[in-house]
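For reference, each letter of the sequence shown is one residue, going 1 to 715 in UniProt numbering. Report on the following structure.
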Amino acid sequence: MATDEQTGCNEHKPPSAEFLAAENERLRRRIAELELLRIECPARKEFADRVYVEGAPQGCECHLQEMANSVREAFWIIDWRARKTIYVSPAYEEIWGRSIQAVYERHEEWIDSIHPDDREFAMASLATAVETSGGEPREYRIVRPDGTIRWISDRAYAVRDQDGRVHRVAGVAKDITSRKEAEEALRESQLRLTAAVESLPCDFFMLDNDGRYTMFNSVAREHWGDCTGRRPEDLCPDEATLALWLSNNRRALAGEVVRAEVQMAPHGQEGHYYNIISPIRDGSEIHGILGVNIDITALKQAEEALQRANDVLEFRVKERTAELEAEVDRRRQLELDLRASEQRYRSLVESSGDAISTVTEDGGILFVNGVLAQWFGVSAEAMVGQHVQDFFPQPFADEQVAYIRQAVRTGQAVNVTVLAPVTEAMRWFHVTFEPLCMGETPAALVVARDIDDLVRTREQIEKYREQMACASRLASLGTLSATVAHEMTQPLTVLRLSIQNALEAIRMGSAPSVAVEDLKCALEALTTMADITERFRGFARSSSSRQWLDIDLSAIADRIIELTAEAARIAKVGVSVRGLDTLPKFRARVNDMEQLFFALLMNAIQAVPIPDESGLARTIVISGQVHDSAIELCFEDTCGGIASENVEQIFKPFFTTRAHAGGTGLGLSVVENILDRYAGKLKVFNRPGDGATFQILLPLCPGSQDGPSRRGMFP
């Protein structure tokens with residue numbers, strides 16, 4: 001009873017301010033939830049169905065609250081007239097990174113969060129949604145308190161009262177940042193793809209499964225016109241070419257990567273093209289084909305010219321080889337005859353073909369054999385007792401006496417190779433001065449061997465080697481011509497376009513400065529072309545230089561690296577040097593060192609497989625140091641190495657693994673010949689599948705570098 005009385009008394013008391021405020025807040029939240037419930041009917045139904053299936057139905061208010069708490073999208077309701085936030089779901093804090101309470105307390109908190117560049121659009125689109133009852137998605141950016149930016153997709157709905165006036169606006173917002181980033185990444189990817197396709201210097205095209213062109217680059221458009229929606233037969237090729245195209249396309253659509261050489265005339269002039277067609281796969285399905293046409297006309301012409309040069313060289317080499325073999329056989333026979341003669345004659349002196357004599361240290365002749373006497377047309381007896389000066393002119397005679405004195409005083413043999421005046425001709429001889437013990441008369445045994453034929457033969461062999469080096473250089477120039485042609489394409493295009501623009505500017509009566517700027521561009525292109533031509537011509541012109549100079553090997557390396565830069569770029573090989581600038585100058589012929597560097601550098605570049613699908617970084621490092629009175633050069637590469645079975649054959653003339661690509665097999669053989677000229681050594685350290693290192697030793701003091709000595713001899 002006491003409780004009832006108290007209750008009855010309370011019913012007559014007015015509610016407190018705190019009670020009214022709490023009730024007002026509860027009603028406001030309830031109204032917001034009901035508004036949200038009306039707007040999001042599909043979501044509420046799905047949620048209610050899920051609750052029912054789980055067998056634990058609750059009140060609608062509980063369901064709605066759970067849904068609002070679990071859904072990742074932010075639901076909101078504002079009082080449109082009072083510009084006050086009535087309700088915001090918990091997802092707001094996750095997306096905006098801001099407090100819900102702050103929005104309740106200050107409606108402008110939501111407006112302040114919008115990116116300054118999007119704020120005007122967001123407010124205008126909200127007003128439009130209110131006027132039209134809304135429902136259309138709006139996309140704008142917000143700035144979170146930590147400075148990060150997110151994209152929002154927002155739908156707003158107008159809630160009208162009984163008079164049809166808007167008194168509430170409700171909506172749902174979701175974070176679409178990931179989608180926007182994906183769209184931007186896709187756009188950038190498409191731009192990169194388009195740029196890559198347009199940068200190709202050859203035809204690029206794509207066809208769908210129906211055989212119609214869907215994509216092509218500007219080069220293909222220049223050759224064939226606008227191909228969109230057209231078929232290969234619409235491009236008017238000849239019947240044979242069309243049949244080959246259609247056959248290759250069918251093979252590619254069947255899943256095969258097709259490679260073939262074709263002849264076409266896109267400009268009315270027949271040319272050779274390398275055609276590659278590949279299927280476009282999406283998992284196990286094929287959605288069309290893509291392909292390229294690479295113009296190899298210049299390469300074909302160079303290969304044909306090189307083949308003709310190789311044929312001529314091969315014929316000449318065979319001819320010279322036959323002559324050398326005949327000479328070797330003749331000399332072998334001479335040696336056999338000499339042995340037979342030695343067996344027939346017991347007297348070594350008389351049976352020898354060498355001129356033998358015994359001479360005192362003042363030049364007095366004590367003994368001569370018949371060979372020496374015959375050279376001077378007198379008897380051996382007539383020469384004994386005479387002096388060297390009686391038979392040889394000055395200063396040659398005094399030089400021979402000086403060698404005799406040197407041998408006698410040092411007690412060691414003296415060997416010299418000289419050009420001697422014998423009879424009416426100058427001939428090469430190898431002379432040995434051997435000290436003799438003849439009591440109190442100091443003397444020396446002098447043995448002179450006529451090596452004139454051998455020297456001449458060596459000179460002939462050297463000429464053959466020069467011819468081989470020249471052939472290798474010609475082959476190198478042939479290889480470089482393709483890269484030069486490639487390098488010339490861009491400045492030629494700039495030159496043509498600049499001149500066309502200048503002519504158009506003059507024709508249209510534009511300001512003179514416009515034509516001048518275009519002509520300046522043309523002049524810059526001409527300068528670039530001149531630099532390319534001079535670099536190529538400089539390499540070719542230096543091949544005729546036979547002068548011995550003190551050479552900066554670092555400068556040689558820089559010049560050859562620049563010359564082969566385009567070939568290295570095409571093969572995707574990085575070339576660098578290390579330590580060459582610290583090397584002393586080396587006395588040699590410029591073209592010898594250029595050819596040595598060129599052959600070893602191109603040998604490494606051309607070792608890279610084409611196409612290179614390994615994904616490895618290909619590098620060439622040229623290093624140098626002084627080691628044991630010699631310059632050590634190392635050409636170290638990671639270009640794949642040498643097949644183990646080929647290591648022993650790579651220095652043989654005409655051995656090549658690149659015959660199909662125009663290889664002559666002369667490069668490394670010429671390198672060996674060049675090193676022989678400088679008493680150099682060459683070693684190769686092979687790493688199959690990885691790379692190889694060619695080590696070169698060049699003695700800093702190899703002896704005379706101006707040819708054989710022409711000083712003293714006594715026959």
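Think of the CB as a built atom: it goes at the ideal place given N, C-alpha and C, for glycine as much as any other residue.
Residues near residue i by beta carbon distance below 6 Å, same chain, minus five either side
i	result
M215	M206
E139	S153
N415	T432
A102	E109
W245	P232
Spatial distance of residue i from residue j (CA atoms)
i	j	result
A265	D203	13 Å
A364	Q400	A small fix is needed here, since residue 364 is Gly in this sequence, not Ala. Those two C-alpha atoms are separated by around 12 Å.
W76	A182	27 Å
N209	R231	11 Å
Y273	A567	20 Å
N603	E361	57 Å
R212	A252	14 Å
V169	C227	53 Å
H660	V219	With a pLDDT of 46 at H660, under the threshold of 50, the modelled position of this residue cannot be trusted; read the value that follows with caution. Using only the alpha carbons, I get a separation of about 28 Å.
R405	E632	40 Å
Q606	F694	15 Å
L700	I551	12 Å
R83	H167	10 Å
C521	S513	12 Å
M713	T533	Unreliable positioning characterises M713 in this predicted model, as indicated by a pLDDT of 34, which lies under 50. A coordinate reading is not provided.
T441	G680	44 Å
I111	L492	58 Å
D49	Y157	Per-residue confidence for D49 stands at a pLDDT of 45, beneath the threshold of 50, marking its modelled position as unreliable; the derived number appears in the next sentence. Each residue's alpha carbon lies about 25 Å from the other.
T85	L126	14 Å
H430	A382	25 Å
L191	E136	30 Å
L295	L306	The sequence shown places Asp at residue 295, rather than the Leu named in the question. Each residue's alpha carbon lies about 19 Å from the other.
L200	L596	34 Å
residue 719	T148	Summary: the structure shown does not reach residue 719, with the chain confined to residues 1 through 715, and so no result is reported for it.
Chain-order list of residues whose beta-carbon lies under 8 Å from that of residue i (same chain, five-residue window excluded)
i	result
L549	R587, A588, R589, V590
G283	none
I610	A571
C634	V621, I622, S623, G624, T693, F694, Q695, I696
I100	V88, P90, Y92, E93
D558	V577
P393	P421
Beta-ladder partner(s) of residue i, from DSSP
i	result
D282	E285
S623	R578, C634
Q695	C634, K683
W80	In DSSP, W80 forms no bridge with anything.
R144	Paired residues: none, contrary to the question.
R264	Residue 264 is actually Met in this sequence, not Arg. Looking at the DSSP assignment, M264 forms a beta bridge with G271.
Y87	I77
E139	S153
M215	M206
T432	N415, V447
Residues of its chain near residue i, where Cβ-Cβ distance is below 7 Å and the 5 sequence neighbours each way are ignored
i	result
E73	A91, V172, A173, K174
R578	V621, S623
A692	D637, G641, I642, V684, F685, N686
V197	F204, N217
G353	L338, V371
Reference residue i, options the options, closest by Cα
i	options	result
A260	Q269, C634, S278	S278
residue 742	A505, A522, H107, S89	The chain is shown only over 1 to 715; residue 742 falls outside these bounds and no answer can be derived.
A254	N275, G271, E285	E285
W151	R687, A170, H167, D117	D117
R250	I289, F392, T533	I289
N673	I605, A599, D690	A599
D592	I100, W80, L675	L675
N646	L633, Y104, L668	L668
D581	G229, I561, L553	L553
G291	E319, E256, Q625	E256
D628	S614, E524, L698	L698
L334	E120, L454, M426	L454
query: Would you call the region 424-438 and the region 403-415 touching, i.e. three or more CB-CB distances under 8 Å?
result: yes
- prompt: When the Cβ atoms of the region 312-329 are set against those of the region 224-241, are three or more pairs found closer than 8 Å?
  reply: no
Touch test, the region 324-332 against the region 238-250, Cβ-Cβ under 8 Å, three pairs minimum: no
message: Under 8 Å, with one C-beta from each stretch per pair, do the region 154-162 and the region 181-195 reach the 3-pair mark?
response: no
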